[in-house]
Amino acid sequence: MDSLPLHCIRIAPTVTHSHTVVFLHGRGDNVSNFCNSLHYSRDSQGRTLAEAFPTFRWIFPQAPKRRCASQPNEEWNQWFDVWNVSNFAENEELQAEGLREVVPKIRDILSQEANDLNGRWDKVILMGISMGSATSVHTLFNLDIPIPEKRLGAFIGFSGRCPFAGRTLDQMRNTLRIPSSPTHNDVLKNTPMLLEHCVDDPLVLVEWGRTQREILRGMGATVEWREYGDGGHWFNSPDGIDDVMQFLNALSFPALGKVYAWLVGSHARFSRSIKLVNIARTMSPSLFDESTAAIRTSPQQLPVPFSSSHIGLRHTFLRPMTLLWRIFPLTIRVTAYKLLQRIGRWLYGPSSGSGVQRLPFGLYLKYNSDSDVYVKRCKCKTYGEPLWLDGCGGFQVRLADMNNAVEHDPPVLFRSDVTVSLNEGIEVVVNPFVNMLRLIVLHAMHGDVVEQPSS
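Under the working numbering, the letters of the sequence shown match residues 29 to 483, in that order.
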C-alpha cells in the first residue's frame, strides 16, 4: 500500500476562512482539469461555487494512477479499480483494494482541515462526483469523529453509486478492513446529505444513484435527492448548482444576508410611506419588472423561495432591504451583525430559559414546555443555544397565517397580537407595533455570524 499523502490543489478563501470543502474528482480525470472544468458550471446568477462562498477553502485531492486489471496495458487516475463499468458487481472485490488505500488518506485530509478550523468538523464538507462520490460514501462509512456532534458539515454527491451495494454497513467495513473504523453509524445519521443525478447519465445510471440514496437512508442518513432531466455524467447547470448553493447556504450561513420575510411583510404600509420601494426601483428597475410573472428572490437572502405574489412582496421591506444590504462590503455586514448580536445578548440575556420570555418592544418568545423535544431536535443541552428562527436548522416557519394577515384592510397585525407558529411548539407573538431594528437584532442574535475578515 502506498503510504504517501495524496497530492492536492488548494484554493484559498478570498476572505476569512470559515469552512472547507474536500472535493473528489471522477475516474480518469485529474485535479487540474477538474478545477478548470468547474468554472463552466454556474448557478442562475452566473456564479461558480467558489464565487458564491468566498469564505470557503477548496481542497481537490488527486486520485492515484492505477493499472487497470481488465486492461493491463492501461493506467488510469482512479480511486479504485473497476473490472466492468457496465456491471460494477462483477469481480467486485477488486474495488476494495483501492478503497482500502485511499479512504484513510481522505480521512487524514478531513482531520487536518477540522484542526485548522479549531476542531470544528461540522465546518468541513465532503463532496464527490462519479467515482469520487462512491469513494466519499465509503469514507463516511469508515469515519469516526471524536466530538459530541459526530458529523461533518455536509456530504454532497453527484452522479454517484455505492460499491458493495448488496451488503450491510458492517459487511462493507469488514470487506475493506480499514483500521480505526467506527462500530456505530453516528456520522451517517448526523451529517446532512444532498445527492444529485442527471436522468440522462450514460455511465452511472440514475437507478444506481437511487440505490445509493436508499442505502444511505437505510443506514439512518437524512438524504435530500435531486434528479435533473439533462446534464449527462456531470453537474446540471444552472438548476443543480442552484440547489447546491441553497443547500450549503442553509447549513453554513443561516443568518448572514437574510431577512425575516414573514415578519418584514407586515410592514407594507410603512415601507410605502417612506418610499423605500421607490428608492430601490430607481437603483435597480429590473428588480420590479412587471412583465415577470413571478420574480424569485435569491436563496442566499431567504430561507425559503418567494415570488412577487407572496405577502404583497413588492410593497414590503424585503426587496429594498435586500438590495441595499447587499451593496455593503462583507466586512461591514459582518461587523454590523456582530454588533447587533452583542446588543441582543445584552437586551435578552445570555440564556433564554424555558417557558415564556418577555422581550423588548413587545415581543414574547414562547417555548415548548416539553424540553426533551427541544433538546432532541436541536441536539443541545440547554435553551441557551442559538434558535434558528429563520427556517433553518430544523424549524420551518408556517407562512400561511402571515400571508392571510397582510391581505386584510387594515392588516390584522395592526389590530391585535398575532401568533406565528413554528414547528415543535415554538411560537412568536408579535405586538402591533413591532419595529425593524428589533427584528434585525433578533436575527443577528440567533444567527451563526462568521468572523470579521481581517483588513
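In this text, a Cβ means the ideal position worked out from N, Cα and C, and glycines have one as well. Note that the structure is a prediction, hence the values are computed from the model and not measured.
- Y68 sits exposed, since fewer than 16 C-beta atoms from the chains shown fall within 10 Å of its C-beta.
- Remark: fewer than three beta-carbon pairs, one from each stretch, lie closer than 8 Å, so the region 73-81 and the region 178-195 are not flagged as touching.
- The three-state reading of DSSP puts R135 in helix, counting H, G and I together.
- Counting the other Cβ atoms within 10 Å of the Cβ of E235 gives fewer than 16, which makes it exposed.
- If one requires a minimum length of 3 residues, the beta strand (DSSP E) runs lying completely within the region 124-191 are 152-157 and 182-186, in chain order.
- For N202, the three-state secondary structure derived from DSSP is helix.
- For Y68, DSSP assigns no beta-bridge partner whatsoever.
- E125 and F108 do touch by the CB rule: their CB atoms are close to 7 Å apart, below 8 Å.
- Rounded to the nearest angstrom, the gap between the Cα atoms of C96 and I175 is 39 Å.
- For T48, the enclosing beta strand (DSSP E) starts and ends at H47 to L52.
- Ranked by Cα distance from P41, the first of F84, Q123 and W111 is F84.
- Counting C-beta pairs with one atom in each stretch, the region 110-117 and the region 57-73 have fewer than three that are closer than 8 Å, which means they do not touch.
- In this structure, R148 is the residue among I134, A91, N58 and R148 with its C-alpha nearest to the C-alpha of H45.
- Under the DSSP assignment, N101 falls outside any beta strand (DSSP E); it carries neither an H nor an E label.
- Residue burial annotation: C36 is exposed, with fewer than 16 other C-beta atoms found within 10 angstroms of its C-beta.
- Per DSSP, reduced to three states, the secondary structure at E120 is coil, with no helix or strand assignment.
- When only Cα atoms are considered, I184 and L204 end up about 22 Å apart.
- In the structure shown, the three-state DSSP call for R55 is coil.
- Pairing N101 with K93 gives a Cβ-Cβ distance that is not under 7 Å.
- Using a Cβ-Cβ distance cut-off of 8 Å, the region 156-175 and the region 205-212 are in contact, since at least three pairs of beta carbons, one from each stretch, lie closer than that value.
- With the rule of 3 Cβ pairs closer than 8 Å, the region 185-202 counts as touching the region 212-228.
- In this structure, the beta-carbon distance from R55 to I87 does not fall below 7 Å.
- Counting other Cβ atoms within 10 Å of its Cβ, G237 reaches 16 or more and is therefore classed as buried.
- Straight across, the Cα-Cα distance linking P82 with V43 is about 6 Å.
- With a cutoff of 7 Å on beta-carbon distance, V49 and I153 are scored as near each other.
- By the C-beta density criterion, E103 is exposed, having fewer than 16 other C-beta atoms within 10 angstroms.
- Annotation: G160 to V131 spans about 11 Å, alpha carbon to alpha carbon.
- Around the beta carbon of N277, 16 or more other beta carbons lie within 10 angstroms, which makes this residue buried.
- For W253, the enclosing beta strand (DSSP E) stretches over residues V251 to Y256.
- Within its own chain, the residues whose Cβ lies closer than 8 Å to the Cβ of M221, once the five positions on either side in sequence are excluded, are A182, F183, I184, G185, L244, A249, T250, V251 and E252, listed in chain order.
- For R85, no alpha helix (DSSP H) segment is defined; the enclosing uninterrupted segment is the beta strand (DSSP E) at F84 to P89.
- Judged by beta-carbon spacing, M155 lies within the 7 Å limit of F51, meaning their Cβ atoms are closer than that value.
- Straight-line measurement puts the Cα of P33 at about 16 Å from the Cα of N58.
- Distance from the CA atom of V232 to the CA atom of F116, rounded to whole angstroms, is 10 Å.
- It is roughly 20 Å from the alpha-carbon of K151 to the alpha-carbon of H166.
- Excluding sequence positions up to five before and after D258, its CB lies within less than 8 Å of the CB of C226, V227, D228 and N264, all in the same chain and listed in chain order.
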